Amino acid sequence: MTGGMSGLGEMDELYEAIILDHYRSPRNTAPVEGADVDLEVNNPFCGDEFHIQLKVEDDAVSEVGITGRGCAISQASASLLAELVKGKSTDQVHDAVDSIRRLLKGEEITDEEADVLGDIEALGGVRKFPVRVKCALLSWVGLDDALTEHLSK
């Protein structure tokens with residue numbers, strides 16, 4: 003990862019540091035007892051895979067646990083996701099997933115969306131490497147689909 007993004011400028015170096023930090027020290031990796039959402043997602047083309055667990059109480063994510071393996075981008079993205087969704091309403095989670103999808107497609111996001119995403123905006127640099135966008139989105143899309151399914155029950 004470092005060699006692939008080096009030399010892209012000061013802001014990219016900051017983004018790279020955020021991604022590497024989350025890759026090396028992923029957040030919210032403990033299993034969730036009595037999880038309401040429990041799923042496995044994977045990308046068979048590159049080998050990225052995650053086990054995502056959520057506890058949903060009063061229409062908000064009260065606990066999250068994400069473990070897995072894969073490239074630095076997918077691992078960092080899952081860690082950033084885990085940090086973001088804890089304590090958020092299910093609508094806020096869906097909105098964040100929509101924002102990250104648009105960010106990675108190179109579409110504009112609002113200042114408010116950027117504020118919500120915080121460090122996650124670091125993943126925007128991935129759009130320079132189109133083959134890596136699926137790596138960054140794997141955990142987000144999986145969680146969004148699982149949360150939608152959970153809420154429809």
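Per our numbering, the very first residue in the sequence shown carries number 3; after that it's consecutive.
Quick reminder that beta carbons are idealized off the backbone N, C-alpha and C, glycines included.
Since the structure is predicted, the reported quantities are computational estimates derived from the model, not experimental observations.
Inset, instruction - Determine the extent of the alpha helix (DSSP H) in which D50 is found, giving its start and end residues. - result: Here the question's residue 50 lines up with position 48 in the sequence shown. Looking at the DSSP string, D50 is not in any alpha helix (DSSP H); the run it does join, the beta strand (DSSP E), is 50-59.
Inset, instruction - Would you check if there are 3 or more beta carbon pairs closer than 8 Å linking the stretch 144-151 to the stretch 40-58? - result: yes
Legend entry - Q49 classed as buried or exposed, judged by whether at least 16 other C-beta atoms fall within 10 angstroms: Translated into the one-based positions of the sequence shown, residue 49 becomes position 47. For the record, residue 49 in the displayed sequence is Gly; it is not Gln. Per the 10 Å Cβ criterion, exposed.
Inset, instruction - Using alpha carbons as the reference points, say which of L140, I54, V128, T31 lies closest to G2. - result: Past the boundaries of the shown model lies residue 2; the chain is included only from 3 to 155, so the question cannot be answered.
Legend entry - Cβ-based burial, L56 [other Cβ within 10 Å; buried from 16]: Residue 56 sits at position 54 when you count from the first residue of the sequence shown. The residue in question, L56, is buried, as its Cβ has 16 or more Cβ neighbours within 10 Å.
Legend entry - Rounded Cβ spacing between P46 and Q77 (contact assumed at less than 8 Å): Taking the sequence shown and counting its residues from 1, the one referred to as residue 46 is at position 44. Taking the sequence shown and counting its residues from 1, the one referred to as residue 77 is at position 75. Contact doesn't hold; Cβ gap of about 17 Å is too wide.
Legend entry - Proximity winner among L16, S154, E15, W142, relative to L82 (alpha-carbon distances): The residue you call residue 82 lines up with position 80 of the sequence shown. For L82, the nearest C-alpha among the options comes from W142.
Legend entry - With 16 other Cβ atoms within 10 Å as the buried cut-off, status of L16: In the sequence shown, residue 16 corresponds to position 14, counting from 1. With fewer than 16 other Cβ atoms within 10 Å, it is exposed.
Legend entry - CA-to-CA distance, L22 to A124, given in whole angstroms: Indexing the sequence shown from 1 puts residue 124 at position 122. Indexing the sequence shown from 1 puts residue 22 at position 20. Taking the straight line from one Cα to the other gives about 11 Å.
Inset, instruction - Could you check what DSSP says for G5 in three-state terms: helix, strand or coil? - result: Taking the first residue of the sequence shown as position 1, residue 5 is located at position 3. Reliability of the predicted coordinates at G5 is poor, the pLDDT of 45 falling under 50, and the value obtained from them is presented with this limitation in mind. Here G5 sits in helix by DSSP.
Inset, instruction - Flag this pair as yes or no: are the beta carbons of L86 and I122 separated by less than 9 Å? - result: On the sequence shown, position 84 is the one that residue 86 refers to. On the sequence shown, position 120 is the one that residue 122 refers to. Yes, the Cβ-Cβ distance between L86 and I122 is below 9 Å.
Legend entry - Proximity to N30 [Cα-Cα], best of I20, S64, D113: Counting from one through the sequence shown, the residue named residue 30 turns up at place 28. Ranking the options by Cα distance to N30, first place goes to S64.
Inset, instruction - Give the C-beta separation of I2 and A84 to the nearest angstrom, bearing in mind that I take them to be a contact with Cβ-Cβ under 8 Å. - result: In the structure displayed, the chain extends from 3 to 155; residue 2 sits before or after that span and is not available.
Inset, instruction - Return yes when the Cβ of A80 is within less than 9 Å of the Cβ of G70, no when it is not. - result: The sequence position of residue 70 within the sequence shown is 68, counting from 1. The sequence position of residue 80 within the sequence shown is 78, counting from 1. Yes.
Inset, instruction - If I'm right that G144 touches I54 with Cβ under 8 Å, what's the distance once you round it to whole angstroms? - result: Counting from 1 along the sequence shown, the entry for residue 144 is found at position 142. Counting from 1 along the sequence shown, the entry for residue 54 is found at position 52. That pair is a contact at about 6 Å.
Inset, instruction - Would you mind working out which of D61, R134, Q94, V133 sits nearest L119, comparing C-alpha positions? - result: Walking along the sequence shown from the start, residue 119 turns up at place 117. The residue with the shortest Cα to Cα distance from L119 is Q94.
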